[in-house]
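Numbers given in our numbering equal positions in the sequence shown, counted from 1, plus 804.
Positions of the beta carbon are idealized from the N, C-alpha and C atoms, including for glycine.
For reference, the structure is listed below as structure tokens.
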Amino acid sequence: MSSSTVEIQHGTFLDLEVPWQKLLADCDEPTFFDTMIWHKTWWKEFGNDAELKLLILRSLSNEPCLIAPLMMKKSEISFIGGTDLVDYHDFLTQEPQQYEYIDAVVDRLTRMESVNKISLSSIPDNSPTIKHFRESAELHGWVISVEQEDVAPRMQLPSSYEDYMSGLRKKDRHELRRKLRRLQDSGEFSQIELRSPEEVSIAMDDFIRLHRMSTSEKNEFMTFEREQFFTKIAIELAREDMTRLTFLEFNGDRVATSLSYVCGGVRYLYNSGYNPNMYRLSVGLLNHLMSIKSSIETGIRVFDFMRGNESYKYHLGGIDRKVFSITASR
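Here you go:
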């Protein structure tokens, strides 16, 4: 790339607050993972053994073109945040992303003699980063590997709940209606959705409790450190009106829950839980169905089930999107 076109600099969270917000607003489909709040909160909780490597690319007129939210552990560069808590990663970039932006980042990383590996995980399959980074890194002498890391089902939402139901496979539609009738016949139920920081702060204990109850794997996953992070980020993003914390209440008890975030017209189902004693009534599945219904009614255009191929996502209409990782070594 030509140094007469753009220049790249190191920065801090404080330095980059204004350009970060500008690039976030310009993105075609930003996720809540792209927010500075997410990165700062993750870094404060988990970044102790790494070195912050925030890079900003500016035009010669000083306009921000790209921010690379990176960190360094030993000799390896990666995005900030691990795959245990982050479903999607990418560079924050002016649209459309230009090859020269990525080339400038690769050039800077190549000049860092202490770096011998670059690991970029969780990149959605529609991101031009996959093609641009691979081409640039190979030209800079890196050995590149691109692998499918996971799938992340999602779906476009129609304008009405009736259209959504009619668009499902016949068997899935029949099963959902049958399960909903069974719940109706078994007792009184309703879904509540909490958004304010105050409401979310009070209710996160119930979310954590139901999450841990769901399965032994979820109980093992939800360490004290992750519990602290879940609570802090839910409250912080609630201040930005992104958090959607739902509970399905049955006969006065909270029996299922989900934690979602809304960003750029997309609702991201981040995590969930339910009381396994209520498994027969499919409370977890029906809580998700009600969240889809409320998303349609509030004008959300995409419902993203996020990483993982759990069967319920497909019963509710999810269609796979692939997620890739890029590894560069020298």
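Cα-Cα, which of the options is closest to residue i?
i	options	result
Thr914	Ser940, Thr933, Asp891 and Pro932	Ser940
Lys1126	His1119, Ser1133 and Met1110	Met1110
Ser918	Ile1006, Lys878, Lys1117 and Glu942	Lys878
Leu864	Thr845, Gln813 and Leu1063	Gln813
Glu951	Ile1037, Asp830, Arg938 and Glu880	Arg938
Ser1076	Leu828, Arg912, Leu1014 and Cys1067	Leu1014
Ser1005	Ile996, Ile1037, Met1026 and Glu992	Ile1037
Thr835	Met1026, Pro868, Gln1032 and Tyr892	Tyr892
Ile881	Ala854, Asn866 and Ile860	Ala854
Val909	Glu899, Asn930 and Pro873	Pro873
Gly815	Ser1062, Arg982 and Leu856	Leu856
Ser931	Leu1093, Thr1102 and Glu899	Glu899
Val1066	Arg981, Asp1045 and Gly886	Asp1045
Leu1089	Glu1101, Asp976 and Gly1069	Asp976
Ile906	Leu889, Val890, Arg862 and Asp929	Arg862
Pro868	Ile1100, Asp830 and Arg985	Asp830
Phe837	Asn866, Val890 and Met875	Val890
Met1187	Asn866, Asp888, Trp847 and Ala956	Given that the chain is displayed from residue 805 to residue 1134, the structure contains no residue 1187 and the question cannot be resolved.
Ser964	Trp824, Ile1100 and Tyr1116	Ile1100
Val1059	Glu992, Phe817 and Val955	Glu992
Asp888	Trp824, Asn866 and Asp954	Asp954
My assumption, with CB atoms under 8 Å, is that residue i sits in contact with residue j. Please give the rounded CB distance.
i	j	result
Ile841	Leu858	Their Cβ separation, rounded to whole angstroms, is 15 Å, which puts Ile841 and Leu858 out of contact at 8 Å.
Ser1018	Tyr1078	6 Å
Ile884	His843	5 Å
Leu1041	Thr1047	5 Å
Val947	Arg1134	7 Å
Leu896	Leu980	38 Å between Cβ atoms; not a contact.
Would you report the Cα separation of residue i and residue j, rounded to the nearest angstrom?
i	j	result
Glu1114	Gly1122	10 Å
Glu1024	Gln901	39 Å
Ser1098	Ser990	23 Å
Ser1129	Met969	34 Å
Ser808	Tyr903	In this prediction, Ser808 scores a pLDDT of 44, lower than 50, which makes its location untrustworthy; no coordinate-derived value is stated.
Thr794	Ile927	No answer is possible for residue 794: the residues shown for the chain start at 805 and end at 1134.
Pro1080	Ile1012	14 Å
Arg1043	Asp819	22 Å
Leu972	Ser1086	18 Å
Arg1030	Tyr1074	13 Å
Ala1132	Leu987	51 Å
Asp832	Lys826	12 Å
Met805	Tyr1083	Low confidence applies here, because Met805 scores a pLDDT of 40, under 50, leaving its location unreliable and the question unanswered by this model.
Val810	Phe1028	43 Å
His1119	Ser1095	14 Å
Asp1057	Asp1009	14 Å
Gly851	Arg999	28 Å
Leu943	Ile860	22 Å
Met959	Asp1124	9 Å
Glu821	Arg982	50 Å
Arg1016	Met1026	7 Å
Met916	Ile996	51 Å
Ala1007	Ile1039	10 Å
Asn1091	Gly945	50 Å
Leu1049	Asp911	42 Å
Glu849	Leu1063	20 Å
Gly1068	Asp929	18 Å
Glu1003	Glu966	31 Å
Pro1001	Ser949	42 Å
Asp894	Asn866	22 Å
Check for me: the alpha helix (DSSP H) holding residue i runs from which residue to which?
i	result
Arg1013	Pro1001 to Ser1018
Val1087	Val1087 to Glu1101
Glu849	Met840 to Phe850
Tyr1083	No alpha helix (DSSP H) holds Tyr1083; DSSP gives it neither H nor E.
Glu939	Thr933 to Leu943
Phe1109	Here Phe1109 belongs to no alpha helix (DSSP H), and DSSP marks it neither H nor E.
Arg1048	Counting along the chain, Arg1048 falls outside any alpha helix (DSSP H), though it belongs to the beta strand (DSSP E) covering Thr1047 to Phe1054.
Leu1041	Phe1028 to Ala1042
Ser990	Lys974 to Ser990
Ser1115	Ser1115 to His1119
Glu821	Glu821 to Asp830
Glu966	Tyr965 to Gly971
Assuming residue i is part of the beta strand (DSSP E), what are its boundary residues?
i	result
Leu874	Pro868 to Lys877
Val810	Val810 to Gly815
Thr914	Premise fails: Thr914 lies in the alpha helix (DSSP H), Tyr903 to Thr914, not in any beta strand (DSSP E).
Gln960	Arg958 to Gln960
Asp954	Val947 to Val955
Tyr1078	Val1070 to Tyr1078
Tyr1065	Asp1057 to Cys1067
Glu997	Phe993 to Leu998
Ser880	One point to set straight first is that residue 880 is Glu, not Ser, in the sequence displayed. Unbroken beta strand (DSSP E) run through Glu880: Glu880 to Phe883.
Glu833	Per DSSP, Glu833 belongs to no beta strand (DSSP E) and is neither H nor E.
Phe895	Looking at the DSSP string, Phe895 is not in any beta strand (DSSP E), and its letter there is neither H nor E.
Leu861	Glu855 to Ser863
Leu924	Lys921 to Pro928
Thr1131	Lys1126 to Ser1133
- May I ask you to verify whether the segment 1016–1023 touches the segment 1039–1055, counting CB pairs closer than 8 Å and requiring at least 3? Cβ pair count under 8 Å is below three, so no.
- Per the contact definition of three or more C-beta pairs closer than 8 Å, is the segment 1100–1107 in contact with the segment 914–925? Too few Cβ pairs lie closer than 8 Å, so no.
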